[in-house]
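Working notes, beginning with the structure itself.
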Amino acid sequence: MPSVYTLIDTTEALSSLVSQLYELERTRPALFVDLEGYELSRNGRLALVTIYVLPLAMTYIVDVTVLGEVAFTTEGEDLPGKTLKSLLEDKSIPKVLYDCRHDNDALYNLYKVDMKGVIDLQLMELATRSFPYRANVNGLARTIRNYAGLSLRDLVEWERVKSFGKVIFESGESRLAQPAKILLT
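Using the numbering used here, read the sequence shown as starting at 5 and increasing by one per residue.
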């Protein structure tokens, strides 16, 4: 099944996205978030915020390289004060991440975003594992291999996409200075 995504690289598109996200039901997790960047942390650089919106079956890729700080301060259409920053900081809006330590570090220290309402799947996976195997947390790749139930074909495709992304992000900061539009083609 081909991936369906929308690149958000203008303030107009971001304003529309923020409005859509604030209209979602809040009783169960609908937002699955991941951040990518170069040495993602307080000392690194944030390039992309990826948000999968379950009820819409759509992935939105917010290009922080192009938008900069306005990625977090652009208000939703007819929603004064409602921004991606306020959404990420709203504890009543559940957001699912996997190992959000570096994501939080980068958001807080680079953009003053103090994420709340986070459900960290890495901690959930650790908590449900049998006792003798709780010494270390698992990375996303191991967790997907162990629990996702992917067919061999789908697992190979997932590994291919993961490897492609790794090449982009390990190629250095200069590559990440390019807009996502270039990286995704």
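For each residue, glycine too, the CB sits at the ideal point set by N, CA and C.
For residue i, name the three-state secondary structure that DSSP assigns.
i     : result
Thr10 : strand
Glu73 : coil
Val57 : strand
Ala51 : strand
Thr15 : helix
Under the assumption that residue i contacts residue j (Cβ atoms under 8 Å), give the Cβ distance between them as a whole number of angstroms.
i     : j      : result
Leu52 : Ala110 : 11 Å between Cβ atoms; not a contact.
Lys86 : Phe76  : With a Cβ gap of about 12 Å, Lys86 and Phe76 do not count as contacting.
Leu18 : Leu71  : 7 Å
Please work out which residues of its chain come closer than 8 Å, Cβ to Cβ, to residue i, disregarding the five sequence neighbours upstream and downstream, and give them in chain order.
i     : result
Arg46 : Asp109, Ala110, Tyr112, Asn113, Leu114
Met62 : Val8, Tyr9, Thr10, Tyr56
So, for residue i: in the same chain, excluding its five sequence neighbours on each side, which residues have a beta-carbon less than 7 Å away from its beta-carbon?
i     : result
Thr14 : none
Val68 : Leu50, Ala51, Leu52, Val53, Ala75
Pro6  : Residue confidence is low: Pro6 scores 49 on pLDDT, short of 50, so the model does not pin down where it sits. Its coordinate-derived value is still stated next. Taken in chain order, the list of residues that qualify is empty.
Once the 5 residues before and after residue i are set aside, which same chain residues still bring their CB inside 6 Å of it?
i      : result
Leu92  : Val117, Met119
His106 : Leu44, Ser45
Asp103 : Gln126
I'd like to confirm something about residue i: is its beta-carbon nearer than 7 Å to some heavy atom of the ligand PLP, or not?
i     : result
Lys86 : As far as ligands go, the structure on display features none, and thus does not contain the ligand PLP.
TODO: For the region 83 to 157, list the beta strand (DSSP E) runs that are entirely contained and at least 3 residues long, ordered along the chain.
DONE: 99 to 101, 122 to 124
TODO: Ignoring anything shorter than 3 residues or poking outside the region 17 to 46, list the beta strand (DSSP E) runs there in chain order.
DONE: 35 to 42
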